[in-house]
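Residue numbers (the numbering used here): 284 to 640. Glycine included, every Cβ here is placed at the ideal spot set by N, Cα and C. Here is the structure we will look at.
Okay, structure coming up:
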C-alpha cells in the first residue's frame, strides 16, 4: 500500500503532542528560562551532542557567560575552555561569533525573525525555527532527524530521512503541524521530545506513544523499517605521533593546532600525522616531532570520532630546568594549575592523564 502524501489528521497530532508534553516534559535547565540568548546557547550545544552531556555544561557556561555581551567580550580561548567536553569546537566559535553579531547589530538582544536568526553564525533553518517558536511563539517549522522520523512513521513513508524528497516532505509536514497547533512553542518542543524519548530509531516505545492510534507504520507493523537506515560509511584511520614532554615541576609541553581542520585551535602535546603502519624509534620520534629530549615509547591511545578513528602513538620524555629551548613555534610549558584554561579534545586529555612509568 503506498504511503500517504501527508501525515493524516495533523491537527489531532498537534493537539495530542501539546497535551502529552505538558505532563511529560523533561526537567532541563534551558527550559527554566526562555530568552533568545539562552535558547541560542542551548541550540548550538545540542547540535550533535547528547542531552545528558549538555546539562552540566550549559549551566556552567551560562554562569560564566550570562549574556550575549559577556560572551562577545570574552577571549576565544576562554570560550573554548568553557566548551570542553562537548566536542565539535567549531560550534563554540560559531556561538562566540553569533554573540558578537547580536551585540553589534541587535543591541545585545537575539532577534526572533527567522532570516535574522539564520544570519547568525552556526544557526540554520532548524535552529532558527526552534528559537523563534519556543522563545517567541512564532509558527516556524522545525525539522531534524527526530522530527523526520516521527512524521515518516505517522505516514508510513518509506526511505531514509536524508533522501532529498523525504527532507523536503518533512518540512512541509512540519509547517502543517505548527500551523495546526494552538501553542507553537509547546507543540514544537513536544515534537522534538517525542522523537528523542519515545519514537526513537531503535526500540521505540510504541506502547507509551500518545500518537499510537494515528501511526500508520505501527498499524502496518513496519515501525522498525521506517525510516530506512542510512548506509554507514567506512571510517578512515588517522595515525598521530604524539610526544609528551614533562618538566621536573610537572609542567607539560603543549602546542596549538591549526585553526582549521580536526580539533582546530585546540591544544595538544607536540603531534604530527604519520603514515599508517609506520614505526619509530625514540630517536626518530623526537626528530619527527622536532623536540630535543630523550624519549621512551609509552603507549597507544585510540578514539573513535563520527567520521574517522584516531590512533595516537605516544612517546614520553622528561627534562630538568625550564626547557626554554623547547618553547619554539608557539609551544609552551603549561603547569597542572594552568592546564584547565587550555581547551583540548577528549582524546588529548586521555593522553595527558595516562600513568606513565
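### Counterpart residues of residue 524 in DSSP-defined beta bridges
According to DSSP, which records beta bridges pairwise, residue 524 is partnered with 555, 596.
### Query
Just to confirm, are residue 325 and residue 313 a CB contact at a threshold of 8 Å?
yes
### Query
If residue 601 sits next to residue 529, beta carbons under 8 Å apart, how far is it from one beta carbon to the other, in whole angstroms?
5 Å
### Message
Buried or exposed, going by whether 16 or more other CB atoms sit within 10 Å of the CB of residue 473?
### Response
buried
### Task
With DSSP collapsed to three states, give me the class of residue 530.
strand
### Task
Tell me whether residue 525 is buried or exposed, calling it buried when 16 or more other Cβ atoms sit within 10 Å of its Cβ.
buried
### Task
Would you kindly work out how many angstroms separate the C-alpha atoms of residue 305 and residue 479, rounded to a whole number?
16 Å
### Task
Check residue 300 in the structure and name its three-state DSSP category.
Three-state DSSP puts residue 300 in a helix.
### Query
So which of 574, 516, 619, 296 has the shortest CA-CA distance to residue 534?
When each option's Cα is compared against that of residue 534, the closest is 619.
### Message
Mapping the DSSP letters down to three states, classify residue 546 as helix, strand or coil.
### Response
coil
### Task
Grab me the residues of residue 329's own chain with a C-beta within less than 8 Å of its C-beta, minus the 5 sequence neighbours each way, in chain order.
337
### Message
Which of the three DSSP states is assigned to residue 584 in this structure?
### Response
strand
### Query
residue 510 to residue 317, Cα distance in whole Å?
So the two alpha carbons sit approximately 33 Å from each other.
### Nearest candidate by alpha-carbon position, reference residue 405, set 352, 456, 331
331
### Delimiting residues of the alpha helix (DSSP H) encompassing residue 539
That residue, residue 539, is in no alpha helix (DSSP H); its beta strand (DSSP E) goes 535 to 539.
#### Entry: Which residues DSSP lists as bridging residue 616, in chain order
536
#### Entry: Length of the line joining the Cα atoms of residue 577 and residue 607
16 Å
### Query
Alpha carbon to alpha carbon, how far is residue 327 from residue 604?
44 Å
### Task
Could you tell me which uninterrupted alpha helix (DSSP H) segments, each at least 4 residues in length, are contained entirely in the region 291 to 362, listed from first to last along the chain?
293 to 307, 319 to 329, 334 to 347, 351 to 356
### Spatial distance of residue 371 from residue 410 (CA atoms)
17 Å
### Message
Quick check on the DSSP output: the alpha helix (DSSP H) that includes residue 562 runs from which residue to which?
### Response
Counting along the chain, residue 562 falls outside any alpha helix (DSSP H), and DSSP gives it neither H nor E.
### Message
With three or more C-beta pairs closer than 8 Å as the rule, is the region 624 to 632 touching the region 364 to 381?
### Response
yes
### Task
Could you pull out every unbroken beta strand (DSSP E) segment of at least 3 residues lying fully inside the region 450 to 530, listed in chain order?
List check, beta strand (DSSP E) in window: 519 to 530.
### Message
Rounded to the nearest angstrom, what separates residue 562 and residue 580 at their Cα positions?
### Response
11 Å
#### Entry: Cβ-based neighbour list, residue 407, same chain, cut-off 7 Å, excluding 5 preceding and 5 following
401
### Query
From this set, 537, 556, 552, which residue's C-alpha is nearest residue 544's C-alpha?
556
### Message
Taking the alpha-carbon of residue 453 as reference, which of 427, 594, 471 has the nearest alpha-carbon?
### Response
427
### Query
How big is the Cα-Cα spacing for residue 433 and residue 424?
14 Å
### Message
Taking the alpha carbon of residue 361 as the reference point, which residue from 575, 570, 548, 592 has its own alpha carbon closest?
### Response
548
#### Entry: Length of the line joining the Cα atoms of residue 320 and residue 572
Residue 320 and residue 572 have their C-alpha atoms spaced approximately 43 Å apart.
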